[in-house]
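Everything on this sheet refers to the single structure shown next.
Protein chains: 2
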Amino acid sequence: MAEWLNAEEQHAWRRTAAVMTLLPAALDAQLQRDAGLTQFSYLVLAMLSETEGRVMPMSELASTVSSSLSRLSHVVSRLEQQGWVSREPCAGNGRVTMARLTDAGWEKVVATAPGHAAEVRRLVIDAVGPCRVADLDAITGAILRRLDPAARMRANPMASEGASGS
Amino acid sequence: MAEWLNAEEQHAWRRTAAVMTLLPAALDAQLQRDAGLTQFSYLVLAMLSETEGRVMPMSELASTVSSSLSRLSHVVSRLEQQGWVSREPCAGNGRVTMARLTDAGWEKVVATAPGHAAEVRRLVIDAVGPCRVADLDAITGAILRRLDPAARMRANPMASEGASGS
DNA sequence: GCTGCACAGTTGAAGCATCAAGTGTAGGGT
DNA sequence: ACCCTACACTTGATGCTTCAACTGTGCAGC
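Chain order of the listed sequences is F and P.
650 is the number that this note's numbering gives to position 19 of the first sequence; each next residue is one higher, with no gaps.
743 is the number that this note's numbering gives to position 112 of the second sequence; each next residue is one higher, with no gaps.
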């Protein structure tokens, strides 16, 4: 790893790698402790909660949370067992399954969001400081374009046109 | 998640979250395909390969790769089974176990490093562009200081004082 | 030199992610 | 009308990570 990146690049990369290791662990710890949720399952609930009608096709939800359909299906099964999400067929399209946030799920998000947002603010937003939030946005945007040149930009629907819902 | 961060912050955070999801997956995919290694197990081998004598106490190695001792122990067991790492007691300190990179392990690192470094360069370094590498370093440094104010800065031993080893 | 506590590390069980294979629906070609 | 490919999921097995409990060593106090 040492010989193919220069010193500055290597240093930045190691820090990036450390952040990628520690930050998800820290956020998971807070959510697990306070709500018994994974960061990922919380994200699923949160994204549903922000959609018109709190319903979304599984595929679209998968894109929104940057995951495979398989992963999402497993997670939704667990969330369904706990009564926070329900599955229903899509009228007029037999191969689509809709995931719907239940009332209990909505309550769960409302109860969980402030603590999680505070942790995100503490560990990320306040850490980088207000002046550098734009830099963070630019850098992650650049990396995302490499990671996923085509689609999935639904996960960050700004900078471009209006979000025309589903 | 929407109501406790302003629009700019929220946008930056969503991109960050997407990167934290997709980047490890992309790097893992390359390593798995080309070398049958996890990003994490590769990191363990790589860090050992850069140490004087290619030996390190388990605890120190755990700090270096930002992981728990438990996780490291499991991974080292697997690496040991494949013949890339060996464990040995530490002369003069009965409760320390040393992890040593074997010759086969060294070969493995040498064979794997170029491809991995190229992927890191492609997805991260070149993506952010040469001008912004310093920004990336500053931002991840700031986040790291929040995540781990005290120790573990061994993973990025610059910018501060001399690393007085163990 | 014994006791008690903290450190270094290991282990086993449980949960989550990933992969490969399977089900069933849409729609296009003939 | 029929097949055939592509799509939208689901499912089960495998492997890695995490958590809690455990073993054994060093060391401070008495």
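Don't be surprised by glycine CBs; every beta carbon is placed ideally from N, CA and C.
All values derive from a computational prediction rather than experimental measurement.
Please confirm if the region 700–719 of chain P is in contact with the region 745–760 of chain P, defined as three or more CB-CB distances below 8 Å between the two stretches. no
State the DSSP-derived secondary structure class of residue 728(P), mapped to helix, strand or coil. Here residue 728(P) refers to the residue found at position 97 when the second sequence is read from its first residue. Residue 728(P): strand per DSSP, three-state reduction.
Applying the criterion that 16 or more other CB atoms from any shown protein chain within 10 Å of the CB defines a buried residue, is residue 696(P) buried or exposed? Counting from one through the second sequence, the residue named residue 696(P) turns up at place 65. The residue is buried, with at least 16 neighbouring Cβ atoms inside 10 Å.
Quick one: Cα of residue 643(P) to Cα of residue 734(P), how far? Looking up residue 643(P) in the second sequence gives position 12. Looking up residue 734(P) in the second sequence gives position 103. Whole-angstrom Cα-Cα distance: 44 Å.
Closer than 7 Å by beta-carbon distance: list the chain P residues that pair up with residue 754(F), in chain order. Here residue 754(F) corresponds to residue number 123 of the first sequence, with the count starting at 1. Ordered by position in chain P, the residues that pass the 7 Å Cβ test against residue 754(F) are 774, 777, 778.
Could you have a look at residue 699(P) and say whether DSSP puts it in helix, strand or coil? Here residue 699(P) refers to the residue found at position 68 when the second sequence is read from its first residue. Coil, per DSSP.
Please classify residue 640(F): is it buried, with 16 or more other beta-carbons within 10 angstroms of its beta-carbon, or exposed? Working through the first sequence from its first residue, we reach residue 640(F) at position 9. Counting Cβ neighbours within 10 Å, residue 640(F) comes out buried, since at least 16 surround it.
With a cut-off of 8 Å on the beta carbons, I'd call residue 740(P) and residue 676(P) a contact; round off their distance for me. Residue numbering aside, residue 740(P) sits at position 109 when the second sequence is read from its first letter. Residue numbering aside, residue 676(P) sits at position 45 when the second sequence is read from its first letter. That pair is a contact at about 5 Å.
Bounding residues of the beta strand (DSSP E) (the contiguous stretch that carries residue 681(F)): Taking the first sequence and counting its residues from 1, the one referred to as residue 681(F) is at position 50. Residue 681(F) -> no beta strand (DSSP E), and no H or E assigned at all.
Beta-carbon separation of residue 779(F) and residue 653(P) under 9 Å? One-based indexing of the first sequence puts residue 779(F) at position 148. One-based indexing of the second sequence puts residue 653(P) at position 22. Yes, the Cβ-Cβ distance between residue 779(F) and residue 653(P) is below 9 Å.
Could you name the residues of chain F that residue 618(P) contacts, counting a contact when the two beta carbons are closer than 8 Å? With chain P represented from 632 up to 797, any question about residue 618(P) goes unanswered, as that position is not in the structure.
Nearest-angstrom Cα distance between residue 750(F) and residue 723(P)? Within the first sequence, numbered from 1, the residue matching residue 750(F) stands at position 119. Within the second sequence, numbered from 1, the residue matching residue 723(P) stands at position 92. In a straight line, the C-alpha of residue 750(F) is about 43 Å away from that of residue 723(P).
Between which two residues does the beta strand (DSSP E) carrying residue 718(P) extend? By 1-based counting over the second sequence, the position of residue 718(P) is 87. 716–721 is the extent of the beta strand (DSSP E) around residue 718(P).
Anyone know if the C-beta pair for residue 771(P) and residue 660(F) falls short of 9 Å? Here the question's residue 771(P) lines up with position 140 in the second sequence. Here the question's residue 660(F) lines up with position 29 in the first sequence. No, the pair does not count as a contact, with Cβ atoms beyond the cut-off.
Give a yes or no on whether the minimum CB-CB distance between residue 640(F) and chain P is below 9 Å. Here residue 640(F) is taken as the residue at index 9 of the first sequence, counted from 1. For residue 640(F), the answer is yes, since a Cβ of chain P falls inside 9 Å of its Cβ.
Of all the CB atoms in chain P, is at least one closer than 9 Å to the CB of residue 659(F)? Working through the first sequence from its first residue, we reach residue 659(F) at position 28. Answer no: the Cβ-Cβ gap between residue 659(F) and chain P never drops below 9 Å.
Here's a check: name, in chain order, each residue in its chain whose Cβ is nearer than 6 Å to the Cβ of residue 698(P), leaving out the five neighbours to either side. Here residue 698(P) refers to the residue found at position 67 of the second sequence. There are no such residues.
At what residues does the alpha helix (DSSP H) containing residue 743(F) begin and finish? Translated into the one-based positions of the first sequence, residue 743(F) becomes position 112. Unbroken alpha helix (DSSP H) run through residue 743(F): 734–751.
Alpha carbon to alpha carbon, how far is residue 662(P) from residue 668(P)? Give it in angstroms, no decimals. The residue labelled residue 668(P) in the question sits at position 37 within the second sequence. The residue labelled residue 662(P) in the question sits at position 31 within the second sequence. Near 5 Å, if we compare the C-alpha coordinates of residue 662(P) and residue 668(P).
Under 9 Å between the Cβ atoms of residue 715(F) and residue 684(F)? Locating residue 715(F) in the first sequence gives position 84, where the first residue counts as 1. Locating residue 684(F) in the first sequence gives position 53, where the first residue counts as 1. No; because the gap between Cβ atoms is not below 9 Å, this pair is not in contact.
Helix, strand or coil: how does DSSP classify residue 659(F) here? Within the first sequence, residue 659(F) is the residue found at index 28, counting from 1. Of the three classes helix, strand and coil, the one that applies to residue 659(F) here is helix, per DSSP.
Under a Cβ-count criterion, where at least 16 other Cβ atoms within 10 Å of its own Cβ denotes burial, should residue 670(F) be classed as buried or exposed? The residue labelled residue 670(F) in the question sits at position 39 within the first sequence. Per the 10 Å Cβ criterion, buried.
DSSP puts residue 761(F) in a beta bridge; with which residues? For the purposes of this step, residue 761(F) is taken as residue 130 along the first sequence, with counting starting at 1. Its beta-bridge partners do not exist; DSSP assigns none.
Mind checking whether residue 706(F) and residue 672(F) have CB atoms under 9 Å apart? Indexing the first sequence from 1 puts residue 706(F) at position 75. Indexing the first sequence from 1 puts residue 672(F) at position 41. Contact flag set, yes.
Close Cβ partners of residue 729(F) (< 8 Å) along its chain, the five nearest in sequence each way excluded: The residue you call residue 729(F) lines up with position 98 of the first sequence. So the list reads 686, 687, 688, 689, 718, 719, 720, 721, once near-sequence residues are dropped.
Show which residues of chain F have a CB atom less than 8 Å away from the CB atom of residue 635(P). Counting from one through the second sequence, the residue named residue 635(P) turns up at place 4. Within 8 Å Cβ-Cβ: 744, 745, 748, 749, 752.
I'd like the list of long-range same chain contacts for residue 658(F), defined as Cβ closer than 8 Å, with 5 residues on each side in sequence excluded. Reading the first sequence from its first residue, position 27 is the one you call residue 658(F). 670, 747, 750, 751, 754, listed in sequence order.
Where residue 651(F) and residue 682(P) are concerned, what is the direct C-alpha to C-alpha distance, given to the nearest angstrom? Taking the first sequence and counting its residues from 1, one reaches residue 651(F) at position 20. Taking the second sequence and counting its residues from 1, one reaches residue 682(P) at position 51. Straight-line Cα distance between these residues: approximately 23 Å.
Using beta-carbon positions only, say whether residue 646(P) and residue 767(F) come within less than 9 Å of one another. Residue mapping note: residue 646(P) aligns to position 15 of the second sequence, counting from 1. Residue mapping note: residue 767(F) aligns to position 136 of the first sequence, counting from 1. Against a cut-off of 9 Å, the Cβ pair of residue 767(F) and residue 646(P) comes out as a contact.
Hey, is residue 771(P)'s beta-carbon within less than 9 Å of any beta-carbon in chain F? In the second sequence, the residue the question calls residue 771(P) occupies position 140. It does: the Cβ of residue 771(P) has a partner Cβ on chain F nearer than 9 Å.
Between the alpha carbons of residue 637(P) and residue 745(F), how many angstroms are there, rounded? Position 6 of the second sequence, counted from the first residue, corresponds to residue 637(P). Position 114 of the first sequence, counted from the first residue, corresponds to residue 745(F). Approximately 14 Å between the Cα atoms of the pair.
Within the same chain, show all residues whose beta-carbon is closer than 8 Å to that of residue 762(F), passing over the 5 residues directly before and after it, in chain order. Numbered from its first residue, the first sequence carries residue 762(F) at position 131. If we look at residue 762(F) and ignore the five residues flanking it on each side, it has no Cβ neighbours.
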